[in-house]
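S.K.: Take the sequence shown: its position 286, counting from 1, is numbered 286 in the UniProt record's numbering, and each next residue is one higher. Glycine included, C-beta positions come from ideal geometry on N, C-alpha and C. Because the structure is a prediction, the values reported are computed rather than measured. Quick one: the structure is below, and I'll ask about it shortly.
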Amino acid sequence: MIAIALRTLRHRPGGFAATFLSAFLGAALLMAFASLLDTAAGADEASAESLGTTASVAGGWCLVIVVFAVTSTLSLAVRQRGDQFAVLRRAGATGPQLRRMIVGEAVAVAVLAAGVAVPVGLAGGRVLLGLLKDTGQVADGVGYAFGPVALAAGFGVTLIGAVIAGFATSRRTSRMGVKRERPRARRIAAGLFLGAAAGCAVLTATVMDGKGIDAMQTAGQAGIWGSLGLALLAPELLRLTGTSVRLASAVMPVTLFSGIATGTVYMQGIEDDAAAGQIQPDYARDIQTLNYVVVGMITVFVAIMLVNTLIAATVHRRREFAQLRLAGATRGQVTAMVAAEALRVTVTGILAGSAASLFTILPFGSARAGEIWPSASIAPYAVIAAIAVLLTATATLGTTRRSIRGPALPQA
1 MIAIALRTLR HRPGGFAATF LSAFLGAALL MAFASLLDTA AGADEASAES
51 LGTTASVAGG WCLVIVVFAV TSTLSLAVRQ RGDQFAVLRR AGATGPQLRR
101 MIVGEAVAVA VLAAGVAVPV GLAGGRVLLG LLKDTGQVAD GVGYAFGPVA
151 LAAGFGVTLI GAVIAGFATS RRTSRMGVKR ERPRARRIAA GLFLGAAAGC
201 AVLTATVMDG KGIDAMQTAG QAGIWGSLGL ALLAPELLRL TGTSVRLASA
251 VMPVTLFSGI ATGTVYMQGI EDDAAAGQIQ PDYARDIQTL NYVVVGMITV
301 FVAIMLVNTL IAATVHRRRE FAQLRLAGAT RGQVTAMVAA EALRVTVTGI
351 LAGSAASLFT ILPFGSARAG EIWPSASIAP YAVIAAIAVL LTATATLGTT
401 RRSIRGPALP QA
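Right, here's the structure in full:
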């Protein structure tokens, strides 16, 4: 299986390399959080409770986002191989044969990625435990453990995500020669996620009104579900701006990055303002630490996913860039075209993420501060938007410049 994975990455770089990186980072993140459950087995009751809360809440959301990331990058990899699959179909390959090939390659890459991620997950778990000790949530004498729960989470979730993604993309490929989109399932999933976001938002503004910091439980979920739902609607959002839907895979991580980061940072800011001068429950500091740990680690993961996806998508356009140059376009004109596309992608993703964050900010502000639109500085939002622009521009323009370096046609 490892040989299959290495051969796949060597002969089909681009999208499959992006899938490997997403699976690797996701497995490392999951192992880091899941190792806290291994650690909790040998800890005192109070420490075990803090460890379990951090692992279950943060790890649960990491699970959802990791599966989403692996599915997204694998779908990109399959679309990039459309011509190859079309040739295989004309040569007599059946739908089941293509599905077995795609799923097999996805599983092999996922297993290899999870194996490589073990040392990173182990180190990440130690960092998390140290953070919890520094904030007084875990006793200093608790020893770190990295065992079966961490390994099962890392390998199991990554493998399941790869299988789900492989079957989803292979069914579409084997049925239609790759070119025609079947958006129904994607739109249904988006509707379910947005419905969950709306439900959590309503619960936050009504049932959790007056419950203090506990309102974060539903408010945080609302923003993440909303970000996932709007990310799935990336093709529809791009059509509204007149941008090619082939760039939808780039809009998704921008939406997740800006939505999750904005919602969590402003939610914690509202809580800090509301809690000033009040006596807080013992677990308030735990939740504050948890929020910043979650937003930090997940945001880093999504940021890397963003760069990863953009590089893979841009590298795949080398042939298009060469054709434009053969038609008379200069390197500067090609770069300017890509820059304009990157700007539209970034603006679309930031606006979608901003809308998703409102599922968290507005109901939590109402429940915690009694204000539908709580007063808050625009500075954190500006920083998040600037990071999204910087990541998108760096990944897209840097890869484009490398792709168009040299002559349009290789020299004999």
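1) If you drop the 5 nearest sequence neighbours on each side, which residues of the same chain put their C-beta closer than 7 Å to that of Y144?
2) Report yes or no: do three or more beta-carbon pairs, one from the region 255 to 267 and one from the region 218 to 232, lie closer than 8 Å?
3) Below 8 Å on the Cβ atoms is my guess for I356 versus G223; work out the distance and round it to an integer in Å.
4) Excluding the 5 residues preceding and the 5 following P380 in the sequence, name in chain order all residues of the same chain whose CB lies nearer than 8 Å to its CB.
5) Can you tell me whether S56 is helix, strand or coil according to DSSP?
6) I believe A27 touches L76 by the beta-carbon criterion, under 8 Å. Please report the beta-carbon distance rounded to the nearest angstrom.
7) Would you decide whether R368 is buried or exposed? Buried here means 16 or more other CB atoms lie within 10 Å of its CB.
8) With contact counted as at least three CB pairs below 8 Å, one residue from each stretch, are the region 237 to 257 and the region 199 to 217 in contact?
9) For Q280, does the three-state DSSP call read helix, strand or coil?
10) With three or more C-beta pairs closer than 8 Å as the rule, is the region 100 to 117 touching the region 277 to 292?
11) By the three-class DSSP mapping on this structure, what secondary structure does Q137 have?
12) In its own chain, which residues sit with a C-beta less than 8 Å from the C-beta of G177, not counting the 5 before and 5 after it?
13) Between which two residues does the alpha helix (DSSP H) holding L343 run?
14) Should T396 be labelled buried (16 or more other beta-carbon atoms within 10 Å of its own) or exposed?
15) Looking at the secondary structure, which residues open and close the alpha helix (DSSP H) in which I188 lies?
16) What is the DSSP secondary structure of M208, reduced to helix, strand or coil?
17) Measuring straight from C-alpha to C-alpha, what distance separates Q323 and R187?
18) Quick one: grab the DSSP three-state call for I387.
M.R.: If we stick to the structure as given:
1) T39, G125, R126, L129
2) yes
3) Ile is not the amino acid found at residue 356; the sequence shown has Ala there. At roughly 6 Å, the Cβ-Cβ gap stays under 8 Å, so A356 and G223 are in contact.
4) T262, V265, Y266, G269
5) helix
6) Wrong, their Cβ atoms sit about 19 Å apart, outside the cutoff.
7) buried
8) no
9) coil
10) no
11) coil
12) Bear in mind that the predicted position of G177 carries a pLDDT of just 48, short of 50, making it too unreliable to give a figure here.
13) 331 to 369
14) buried
15) 184 to 205
16) coil
17) 34 Å
18) helix
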